[in-house]
Structures are given as structure tokens and as C-alpha cells.
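Chains as they are written, first to last, in our numbering: chain A, 1 to 115; chain B, 116 to 227.
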């Protein structure tokens with residue numbers, strides 16, 4: 001399996017622009033998580049889905065952030081409009097409900113820089 | 116509130132020396148405990164996990180951790196580190212509902 005796939009790996013944009021981050025979870029996994037990592041705040045859970053349904057979005061910082069999971073193999077995290085304080089590494093992770101249920105598999109991350 | 120505290124933000128150590136990375140969590144209920152490692156410019160990888168049973172858990176790359184319920188701790192140890200162990204290490208706790216709560220991370224720096 002290719003693991004969790006994220007694109008793009010790096011994104012540089014200007015303040016006010018829309019940014020879309022993409023994630024393909026491991027095939028068959030039914031949970032998907034979006035995290036943000038910064039030096040100041042560490043690793044924060046933004047939102048997670050189970051069977052494509054958002055379960056907990058309490059970590060989403062504000063209305064500028066939105067996430068969707070239209071099907072089991074694809075999710076997006078959108079920031080509109082972007083701000084410099086959104087600069088961070090964004091990780092997607094997935095896991096199974098059963099079997100190796102407690103291991104989250106992380107993607108390589110998207111490094112976002114907002115100028 | 117649920118929280119995970121990693122007591123050391125940076126741990127410098129010489130190659131072949133032993134190391135312990137400390138982790139404490141807050142909880143009054145059963146939890147699942149994890150250590151993840153993040154190498155530079157990569158995502159996190161699972162090192163080991165405690166779900167139940169023996170309180171001493173062995174993981175990959177020679178690491179082990181001990182669950183201590185009375186002290187609410189889950190410290191990570193390795194008897195002899197290598198240069199390649201240089202990375203950031205994250206302790207995490209899974210509470211009911213499936214969310215992982217991560218600590219702030221400990222940067223392990225192994226020097227020759």
C-alpha cells in the first residue's frame with residue numbers, strides 16, 4: 001500500500017488566497033484525521049471523520065477553515081481566505097475501526113506558507 | 116481537561132548512552148497510550164503502544180515504554196541510542212471517542 005497520500009507537499013500563497021489541501025487515506029481505513037503542526041502550538045487535531053461523516057470539528061480554528069470527505073478515498077481541507085498565521089505543516093492520518101484499530105498512519109504532510 | 120505533558124522539550128545525549136523521554140497524562144479513566152516518532156520533514160510513525168496487559172511494552176528500533184497507572188506516566192526508554200534516533204518524539208493518549216491527544220514533543224538529539 002502507498003500509505004496516506006497528501007498533496008501538495010509544499011504550498012506558498014499570498015494572504016487572502018484560497019488554499020486547498022488534499023488527502024487520500026489508506027484504502028479500507030474508515031477514520032480520517034486532519035492535524036496542524038506549528039512550533040508554538042505543537043500538533044493539534046483539527047477535525048476527524050468516520051465513514052466520511054465529520055465526527056468532531058471542535059479543533060477547527062474558525063470559519064475560514066472547512067473540511068470535506070466526499071468519499072472514502074478523498075478528503076480536502078480548505079482555508080479561505082488564508083492568513084499568515086495559518087502557516088504550518090498540515091498532516092492527514094487514517095486508521096481502521098477494527099484490527100490494528102489504534103494505530104494512526106500519517107501522511108508526509110503539506111507545508112503551507114502564507115505570505 | 117484531558118492533557119498529555121512531555122516534561123522535556125529537548126534531550127541531548129551521546130551515542131550509545133541510555134535515554135529516557137518522560138510523559139505524563141491526566142485521566143481518571145482507562146486510556147490507550149502511544150509513542151510516535153517524527154524524523155525531519157516526515158510524518159509521524161508509531162513506535163509502540165499500550166492497550167492492556169503487560170505494563171512493559173516493546174516497540175520498534177529497540178525502544179520500550181512502561182505504563183505506570185498510579186503515576187499516570189508512560190516513559191519511553193532505550194538502553195543505547197544511535198545517531199539515527201535523532202528525531203522528535205510524541206507521546207499520545209487516546210480517550211473514548213477515538214481522538215488522540217498529543218504532547219508537545221521531545222526533541223532527541225544524539226551526538227557522536
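Each residue gets a CB set at the ideal place from its N, CA and C atoms; glycine is no exception.
Below-8 angstroms beta-carbon distance, residue 45 of chain A vs any chain B residue
yes
So, with DSSP's three-state summary, where would you put residue 51 of chain A?
coil
Check each residue of the region 156 to 173 of chain B: if its Cβ is closer than 9 angstroms to any Cβ of chain A, include it; give the result in chain order.
156, 157, 158, 159, 160, 161, 164 and 166
Between the alpha carbons of residue 133 of chain B and residue 207 of chain B, how many angstroms are there, rounded?
Computed Cα separation, rounded: 22 angstroms.
Report yes or no: do three or more beta-carbon pairs, one from the region 79 to 95 of chain A and one from the region 16 to 30 of chain A, lie closer than 8 angstroms?
Yes: the two stretches touch, three or more of their Cβ pairs being nearer than 8 angstroms.
Using the Cα positions of residue 90 of chain A and residue 181 of chain B, report the straight-line distance between them to the nearest angstrom.
30 angstroms
Using the Cα positions of residue 188 of chain B and residue 165 of chain B, report the straight-line distance between them to the nearest angstrom.
12 angstroms
Leaving out five residues before and five after residue 142 of chain A in sequence, what residues of the same chain have Cβ atoms less than 6 angstroms from its Cβ?
The structure shown does not extend to residue 142 of chain A, since chain A is modelled only from 1 to 115, so the question has no answer here.
If I'm right that residue 33 of chain A touches residue 93 of chain A with Cβ under 8 angstroms, what's the distance once you round it to whole angstroms?
4 angstroms
So what's residue 3 of chain A in DSSP terms, helix, strand or just coil?
coil
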